[in-house]
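What follows is one structure encoded as structure tokens, with my remarks underneath.
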Amino acid sequence: MRRKVFITVAEVSGDTHAAELIRSFRQVDLEIQVDGIGGQRMANAGANIVYESVGNAAMGWRGALRAVEVIGLLRQTRKRYEDPNLRPDLHICIDSSAMNLPFAKMAKSMHVPVLYYVAPQLWASREGRMKKLRADVDRVACILPFEEQYYRQHGIDATFVGHPLFDELPDARERETPVGPRFPDAPPVIGIVPGSRRSEVIANLPHLLEVADAVLARFPAARFLIPTTGTVDPIVAEMLSKQRDVDHFEHAIDSFDRLIPQCDLCLCKSGTSTLHVAAYAVPMIVVYRMSPLMWHGLARWVVKTKKIALVNILAGNIDLVPEFVPWYGSNDSVIQCALELLRDPSKLTAQKQNLRDLIRGLDRRGASMNTAKLAMEMMNRSATPEPAQQSP
């Protein structure tokens, strides 16, 4: 019988991970049917998209609109699962816990096994959600080395599969290839990674552009490269149109792996993107703009780790790279940090080597294939009938 999988994602990163997973499925089972809620990358990999959640940024809506959207999708998917011809053998949640935890609960209530790939980082915050994860998810495919033990200690069946980022990148040797003359023998090239969500770009980019202006005042030939996604590129373009030195800026959709390797320094929004930058051993300053009210009223009581930047957490909660999280008030501290690094290229060189050492321990391919095999194992197990009880 043809196996059926239903995948739910809400954002570009999840869409990318799902696409790689679907390609891995095809290698172990050519006949597998994949349906889901996702985006164009999933569709290009062969999935039947029943609702587009990425291209129109539906999951980026806030408050009541977002809740209404998720409730509507849950109802549609539940009806689908009630149809024996459409009911999947496995539901796979990828990232985006705000959307996916309700989907996991729904699938579990319909007796559909649930695999969570790129699970919520409960080790960093909001451990209260652990009860939901334990109740509604059958297995977690962990992407960070320490997560497997953490989840198992909390009674959740978890397996470390590797980080999907390294399935999607060129191999390490290719990433290390020099790209043209570099600073200080040439003007500095600085990456700006403001985020992939509208709210992140709106919060971070105006302040990052002020940092860029300060760098230009000291290094008039500096260039700035901004990789974007389709959902945020118009916002980036509008903000750049107001810059005095707009000719010094370049932005392009889906260009991370082309632009970031050219950079001598990166101003990077906190999140998985810091690991992506680190994979190219590009020195960085990590930021995340938020209001003092948000930090002191909520975030500081939720965050459990000493450091916020993922690369600093993976390095053992040390300052491998400078981080300004939370970042509110004046931009002077970030400006000063950027100028200090650019005035002393030896600091950039040292950070570059530290990032290489960190990534070396994480850089292994196979996360998507390992997750596909885990999923097949779960479907095989659920398809195997229980042995009949013998009468005494």
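According to the numbering used here, the sequence shown is numbered sequentially starting from 286.
Think of the CB as a built atom: it goes at the ideal place given N, C-alpha and C, for glycine as much as any other residue.
Every value quoted in this text rests on a predicted model; they were computed, and no experiment measured them.
Quiz item: Does the distance from the CB of T301 to the CB of G321 come in under 8 Å?
Solution: Within the sequence shown, residue 301 is the residue found at index 16, counting from 1. Within the sequence shown, residue 321 is the residue found at index 36, counting from 1. Not closer than 8 Å, so no.
Quiz prompt | Through-space distance from Y613 to P387, alpha-carbon basis | solution = As a position in the sequence shown, residue 387 is number 102, starting the count at 1. As a position in the sequence shown, residue 613 is number 328, starting the count at 1. In a straight line, the C-alpha of P387 is about 33 Å away from that of Y613.
Exercise. Assign F509 to one of three DSSP states: helix, strand, or coil.
Key: As a first step, residue 509 is located in the sequence shown; it is residue number 224 there, counting from the start. Strand at F509.
Exercise. Report the three-state DSSP secondary structure of L400 (helix, strand or coil).
Key: Start at 1 with the first residue of the sequence shown, and residue 400 comes out as number 115. Reduced to three states, the DSSP call for L400 is strand.
Quiz prompt | Own chain partners of Q312 with C-beta closer than 8 Å, once the 5 adjacent residues on each side are dropped | solution = Within the sequence shown, numbered from 1, the residue matching residue 312 stands at position 27. Contacts found: M654, A657.
Practice problem: Kindly list the residues whose CB is nearer than 6 Å to the CB of K417, restricted to its own chain and excluding five residues on each side of it in sequence; keep chain order. | Solution: By 1-based counting over the sequence shown, the position of residue 417 is 132. Close CB contacts of K417 within its chain, under the 6 Å cut and outside five residues either way in sequence, are with L386 (chain order).
Exercise. Tell me whether S654 sits in a helix, a strand or coil according to DSSP, three-state version.
Key: Here residue 654 refers to the residue found at position 369 of the sequence shown. The question names Ser, yet the displayed sequence has Met at residue 654. In the structure shown, M654 sits in a helix (DSSP, three-state: H, G or I).
Quiz prompt | Same chain, Cβ closer than 6 Å to S481, neighbours up to 5 away in sequence not counted | solution = Within the sequence shown, residue 481 is the residue found at index 196, counting from 1. Here the set comprises V297, T514.
Practice problem: Provide the residue span of the beta strand (DSSP E) that contains E337, from first to last. | Solution: Here the question's residue 337 lines up with position 52 in the sequence shown. Taken as a continuous stretch (DSSP letters only), the beta strand (DSSP E) holding E337 covers 333 to 337.
Quiz item: Which first and last residues belong to the beta strand (DSSP E) in which E535 is found?
Solution: Within the sequence shown, residue 535 is the residue found at index 250, counting from 1. Counting along the chain, the beta strand (DSSP E) containing E535 begins and ends at 534 to 538.
Exercise. Tell me whether Q528 sits in a helix, a strand or coil according to DSSP, three-state version.
Key: As a position in the sequence shown, residue 528 is number 243, starting the count at 1. In the structure shown, Q528 sits in coil (DSSP, three-state: anything other than H, G, I, E or B).
Quiz item: When the Cα of A488 is compared with those of Y573, V496, L550, which residue comes out closest?
Solution: Residue mapping note: residue 488 aligns to position 203 of the sequence shown, counting from 1. Comparing alpha-carbon positions, the option among Y573, V496, L550 lying closest to A488 turns out to be Y573.
Practice problem: Would you mind sorting D452 into buried or exposed? The rule is 16 or more other CB atoms within 10 Å of its CB. | Solution: Along the sequence shown, read from residue 1 onward, the residue named residue 452 stands at position 167. D452 counts as buried, since at least 16 other C-beta atoms from the protein chains shown sit within 10 angstroms of its C-beta.
Quiz prompt | Whole-angstrom distance between R543 and T516, CA atom to CA atom | solution = As a working mapping, residue 516 is identified with position 231 in the sequence shown. As a working mapping, residue 543 is identified with position 258 in the sequence shown. The alpha-carbon atoms of T516 and R543 are separated by roughly 19 Å.
Practice problem: Would you check if there are 3 or more beta carbon pairs closer than 8 Å linking the segment 445 to 460 to the segment 550 to 562? | Solution: The way I'd put it, the segment 445 to 460 does touch the segment 550 to 562; three or more beta-carbon pairs between them come closer than 8 Å.
Quiz item: For C548, which of helix, strand or coil comes out of DSSP?
Solution: Here residue 548 refers to the residue found at position 263 of the sequence shown. Assignment of C548 by DSSP, reduced to helix, strand and coil, places it in the coil class.
Self-check item: At least three beta-carbon pairs within less than 8 Å, the segment 599 to 613 to the segment 630 to 646
Solution: Contact between the segment 599 to 613 and the segment 630 to 646 is present: three or more C-beta pairs spanning the two stretches fall below 8 Å.
Practice problem: Check whether the Cβ atoms of G476 and L510 lie closer than 8 Å to each other. | Solution: Taking the sequence shown and counting its residues from 1, the one referred to as residue 476 is at position 191. Taking the sequence shown and counting its residues from 1, the one referred to as residue 510 is at position 225. Yes.
Quiz item: Quick one: Cα of A537 to Cα of P519, how far?
Solution: In the sequence shown, counting from the first residue as 1, residue 537 sits at position 252. In the sequence shown, counting from the first residue as 1, residue 519 sits at position 234. For the pair A537 and P519, the Cα-to-Cα distance works out to about 10 Å.
Quiz prompt | Expected contact under 8 Å - CB spacing of A564 and L400 to nearest Å | solution = If you number the sequence shown from 1, residue 564 lands on position 279. If you number the sequence shown from 1, residue 400 lands on position 115. Rounded to the nearest angstrom, the Cβ distance from A564 to L400 is 25 Å, too far for a contact under 8 Å.
Quiz item: Whose CA, out of L407, V422, D423, lies closest to the CA of E432?
Solution: Along the sequence shown, read from residue 1 onward, the residue named residue 432 stands at position 147. For E432, the nearest C-alpha among the options comes from L407.
Quiz item: Excluding the five sequence neighbours on either side, which residues of its own chain have a C-beta within less than 7 Å of the C-beta of E316, listed in chain order?
Solution: Indexing the sequence shown from 1 puts residue 316 at position 31. Cβ neighbours of E316 beyond the five flanking positions: R287.
Quiz prompt | Proximity to D368 [Cα-Cα], best of D530, K289, A507 | solution = One-based indexing of the sequence shown puts residue 368 at position 83. By alpha-carbon distance to D368, the top candidate from D530, K289, A507 is K289.
Quiz item: Based on the DSSP secondary-structure assignment, which residues constitute the bridge partners of R574?
Solution: Residue 574 sits at position 289 when you count from the first residue of the sequence shown. According to DSSP, which records beta bridges pairwise, R574 is partnered with W612.
Practice problem: Please specify which runs of the beta strand (DSSP E), each continuous and at least 3 residues long, are wholly inside the segment 289 to 325, giving them in chain order. | Solution: Within the segment 289 to 325, the complete beta strand (DSSP E) segments at least 3 residues long are 289 to 293, 318 to 323, listed from N- to C-terminus.
Quiz item: Nearest-angstrom Cα distance between A652 and V446?
Solution: Within the sequence shown, the letter at position 367 stands for residue 652. Within the sequence shown, the letter at position 161 stands for residue 446. Using only the alpha carbons, I get a separation of about 5 Å.
Practice problem: List the DSSP bridge partners of T444. | Solution: Looking up residue 444 in the sequence shown gives position 159. In the DSSP output, where bridge partners are listed per residue, T444 has A426.
Quiz prompt | Nearest residue (CA-CA) to F310, options D442, G323, I377, R437 | solution = Position 25 of the sequence shown, counted from the first residue, corresponds to residue 310. A check of alpha carbon separations from F310 across D442, G323, I377, R437 identifies I377 as the nearest.
Quiz item: Which same chain residues, not among the five before or five after E495, have their C-beta less than 6 Å away from its C-beta?
Solution: What you label residue 495 is simply residue 210 of the sequence shown in a count that begins at 1. Only N616 meet the Cβ criterion.
Quiz item: CA-CA distance, M391 and N329?
Solution: Counted from its first residue, the sequence shown places residue 391 at position 106. Counted from its first residue, the sequence shown places residue 329 at position 44. Rounded to whole angstroms, M391 to N329 spans 27 Å at the Cα level.
Exercise. Enumerate in chain order the residues of its own chain whose CB-to-CB distance from M663 is below 8 Å, with the five nearest sequence positions on each side excluded.
Key: On the sequence shown, position 378 is the one that residue 663 refers to. Closer than 8 Å at the Cβ level, and outside the excluded window around M663, lie L375, P398, L400, D423, R424.
Self-check item: Residue environment, P505, which counts as buried when at least 16 other CB atoms sit within 10 Å
Solution: Indexing the sequence shown from 1 puts residue 505 at position 220. Answer is exposed; the Cβ neighbour count stays below 16.
Exercise. Quick one: using the 10 Å Cβ neighbour count with 16 as the cut-off for buried, is Q636 buried or exposed?
Key: Counted from its first residue, the sequence shown places residue 636 at position 351. Answer is buried; the Cβ neighbour count reaches 16.
Exercise. Return the CA-CA distance between F291 and G323, expressed in angstroms with no decimal places.
Key: If you number the sequence shown from 1, residue 291 lands on position 6. If you number the sequence shown from 1, residue 323 lands on position 38. If you take the alpha carbons of F291 and G323, they lie about 10 Å apart.
Quiz item: If you compare alpha carbons, which of I356, L624, M569 is closest to A597?
Solution: Translated into positions along the sequence shown, residue 597 becomes position 312. According to the sequence as given, residue 597 is Asn; it is not Ala. Minimum Cα distance to N597 is reached at M569.
Quiz item: In or out: S382 buried (at least 16 other Cβ within 10 Å) or exposed?
Solution: The residue given as residue 382 occupies position 97 in the sequence shown. S382 should be labelled buried.
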